[in-house]
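The block underneath contains the structure these notes are about, expressed in structure tokens.
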Amino acid sequence: MQTSRLICSQCNDPAEAVSPYNGSTLLARTSQGEVIVALHKRCENTWAEMHNCRTLVPLRKMHRWSTIGTQSRSVH
7 MQTSRLICSQ
17 CNDPAEAVSP
27 YNGSTLLART
37 SQGEVIVALH
47 KRCENTWAEM
57 HNCRTLVPLR
67 KMHRWSTIGT
77 QSRSVH
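Letter by letter, the sequence shown follows residues 7 to 82 in the numbering used here.
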């Protein structure tokens with residue numbers, strides 16, 4: 007169960023947390039480098055334009071990567 011709420015990096019609306027139903031957590035590549043942001047779907051374009059964003063890529067679940075790595079090491 008998630009104990010913390012993700013607040014949109016664009017609108018900063020604490021009344022409507024970012025969830026899989028209304029947005030996502032993204033890796034943004036900007037002219038300043040890479041940053042992880044939580045954005046509502048409706049806020050993605052505005053945030054990208056304001057931050058000179060080159061790409062927005064949805065993040066994959068981290069536990070899948072660590073589970074695969076652990077399983078492949080223990081199968082010797």
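Positions of the beta carbon are idealized from the N, C-alpha and C atoms, including for glycine.
Cα-Cα separation, residue i to residue j
i: valine 43; j: alanine 54; result: 11 Å
i: isoleucine 74; j: arginine 66; result: In this prediction, isoleucine 74 has a pLDDT of 42, which is less than 50 and means its spatial position is unreliable; what the coordinates show is noted afterwards. Rounded to whole angstroms, isoleucine 74 to arginine 66 spans 13 Å at the Cα level.
Whether residue i touches residue j by CB criterion (8 Å)
i: serine 30; j: proline 64; result: yes
i: leucine 62; j: alanine 21; result: no
i: lysine 47; j: asparagine 28; result: yes
When the options are compared against residue i, the one with the closest alpha-carbon
i: isoleucine 13; options: Cys49, Thr36 and Gly39; result: Cys49
i: arginine 60; options: Val41, Lys47, His46 and Leu45; result: Val41
Reduced DSSP secondary structure (H/G/I, E/B, other) of residue i
i: arginine 48; result: helix
i: glutamate 55; result: helix
i: proline 64; result: strand
i: glutamate 40; result: strand
Presumed contact (8 Å Cβ cut-off) between residue i and residue j, rounded CB distance
i: serine 37; j: asparagine 58; result: 5 Å
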